[in-house]
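Just below is one structure, and these are the notes that go with it.
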Amino acid sequence: MPDDATLDGAVPQPESHLDRRKEPTEAHTPPLVPRDGFRKLLAEPNLRRLWTAQAWAGTGESLAQIAMPLLVYDLSGSARLLALVALAQVAPRVVLAPVAGLLVDRVDRRRLMIAADLERLLLVMLVPLCGEAWQVAALAIGIAVGNAVARPAELAAVPSVAGEGRLVAALSLMQVT
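Be aware that the sequence shown starts at 1, since it is given in UniProt numbering, and climbs by one per residue.
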């Protein structure tokens, strides 16, 4: 009888990756997200306010990422200008990231977030007054600068409002919305 055969002569199959996946995790590994879920996490008033503001601002930012290049195309008929405005909406985040990080660490985050939100709100309110593509492009750049400052400030504020032992869950909540 071969060494790896059982008493009935059957050869055992090698362990698959699916079998290993079914094994329970180690008991000492804490869950990354509290078992009570995001509902209890949002019961913290300061985190709920930050999350709500970030969610609304993120929704507006996403809509602007689509609408402003299309408005430029509608005003100019130029695909090249559409692409330039789309690039102008992303470039400030890349260019200003190091400066925004330093700024967030040196000033009051709450005031910085409020100022960035007001700046973006005022610029968005000017969009209907634009009659030329270059005006929309200039507003898009200004809004993108506000976005480049607001996002690091929002994420830097999370540890101070998350509550004890909920930082990972709070950061994941902020990232997925």
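Where a beta carbon is used, it is the ideal one built from N, C-alpha and C, also for glycine.
In whole angstroms, what separates the C-alpha of residue i from that of residue j?
i             : j                : result
leucine 63    : tryptophan 56    : 11 Å
valine 95     : alanine 148      : 9 Å
leucine 47    : leucine 122      : 25 Å
valine 107    : methionine 113   : 10 Å
leucine 50    : valine 90        : 23 Å
leucine 70    : leucine 82       : 7 Å
valine 158    : glycine 77       : 43 Å
leucine 126   : glycine 60       : 14 Å
alanine 162   : phenylalanine 38 : 11 Å
glutamine 175 : arginine 166     : 14 Å
glutamate 132 : valine 72        : 8 Å
leucine 139   : isoleucine 66    : 14 Å
alanine 137   : proline 98       : 24 Å
arginine 111  : aspartate 117    : 10 Å
valine 124    : tryptophan 134   : 15 Å
glutamate 164 : proline 45       : 14 Å
leucine 173   : arginine 80      : 37 Å
proline 41    : cysteine 130     : Residue 41 is actually leucine in this sequence, not proline. Rounded to the nearest angstrom, the two C-alpha atoms are 42 Å apart.
glycine 58    : valine 168       : 20 Å
serine 160    : valine 104       : 14 Å
Residue i: which of the options sits nearest, CA to CA?
i              : options                       : result
valine 145     : Leu42, Glu119, Trp134         : Glu119
alanine 53     : Ala115, Pro92, Met68          : Ala115
residue 212    : Arg93, Ala169, Ala88          : Residue numbering for the chain in the displayed model covers 1 to 177; residue 212 lies beyond these limits and cannot be assessed.
leucine 155    : Thr177, Leu139, Lys40, Ala137 : Thr177
alanine 102    : Ile141, Ala153, Gln65, Ala67  : First, the amino acid is wrong: residue 102 is leucine here, not alanine. Looking at the Cα atoms, Ala153 is the closest of the given residues.
alanine 86     : Met68, Asp117, Ala97, Ala100  : Met68
proline 128    : Ala79, Leu75, Arg80           : Leu75
isoleucine 141 : Leu84, Arg80, Leu41, Lys40    : Leu84
Should residue i be labelled buried (16 or more other beta-carbon atoms within 10 Å of its own) or exposed?
i              : result
arginine 109   : buried
isoleucine 143 : buried
alanine 43     : exposed
alanine 170    : buried
alanine 88     : buried
Just checking: is the beta-carbon of residue i within a distance shorter than 9 Å of some beta-carbon in chain B?
i             : result
glutamate 154 : Annotation note: the requested chain B is absent from the structure, which comprises a single protein chain.
Exercise. Mind listing, in chain order, the continuous alpha helix (DSSP H) runs of no fewer than 4 residues lying wholly within the stretch 36-114?
Key: 37-41, 45-76, 79-106
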